[in-house]
Structures are given as C-alpha cells and as structure tokens.
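Take the sequence shown: its letters are residues 1380 to 1467, numbered as in this note's numbering. The C-beta atom is built at its ideal place from N, Cα and C for all residues, glycine as well. Written below as structure tokens is the structure these notes are about.
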Amino acid sequence: GPRVDPSGELSTGEGFKEIREFKKLLLRDPDGLASALSGKLLAYALGRPMGFSDRPELARIVAAAKPGRYGLRSLILEIVSSPTFRAP
C-alpha cells in the first residue's frame, strides 16, 4: 500500500517529520500533555464534553497523578475516584 506520511505540525506551529520528533515535542511539556490526555479521558468517562466548571477537578486530577509520573494507571485511578465521575 501507499506509504504513511508521519509528518505534521502542532498548534504551536512546531513541525515534525517523524514519530520520534513528535514524541520529543510532546514530552517537552509533560504537564500540558497530562492535562490534555486527562481531559479527553474524563470527557469519555463522563460521556459528555468537558465544561468550564470541570476545570478545577481536572487540575486536581492532574496534580494528584504527577507523583506517579502521569502514568495511565494513575490518571485513570484519579478520574474514577473523582467526585465528578461518581456524581449522578
């Protein structure tokens, strides 16, 4: 089949030509990456888009997962333990 073009550009305007460059760009801001990933996971878990009122809880989730180096297990545990997730 046709070759896959792995190049792209972040919203910051920074470009990359391959997956290793993309990874380096993402890992320059681990807090931002964890926040973005947590926001997507929380939206999926809640079954609705994130709202402005969800921001404080998202910040708490990310801060609580930082000691675990933002591992997926830590993020998911914090999400399912959050009052936002457990509320009806």
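Check your understanding: For Arg1411, which three-state DSSP category applies?
Key -> The question names Arg, but residue 1411 is Gly in the sequence shown. Helix.
Check your understanding: Distance, Cα to Cα, Gly1392 vs Leu1405?
Key -> Roughly 13 angstroms separates the two Cα atoms.
Review point. Is it true that the CB of Gly1387 sits closer than 8 angstroms to the CB of Phe1401?
Key: For Phe1401 and Gly1387, yes; Cβs fall inside 8 angstroms.
**Study point:** Extent of the continuous alpha helix (DSSP H) run through Leu1437
**Key:** Under the DSSP assignment, Leu1437 falls in the alpha helix (DSSP H) whose first and last residues are 1434 to 1444.
Practice item. Thinking Pro1381 and Glu1397 are a contact (beta carbons under 8 angstroms), I'd like their distance in whole angstroms, please. Key: Not really, about 17 angstroms apart at Cβ, beyond 8 angstroms.
Practice item. Name the residue from Leu1420, Val1383, Gly1450 whose alpha carbon lies nearest to the alpha carbon of Glu1436. Key: The residue from Leu1420, Val1383, Gly1450 with its alpha-carbon nearest to that of Glu1436 is Leu1420.
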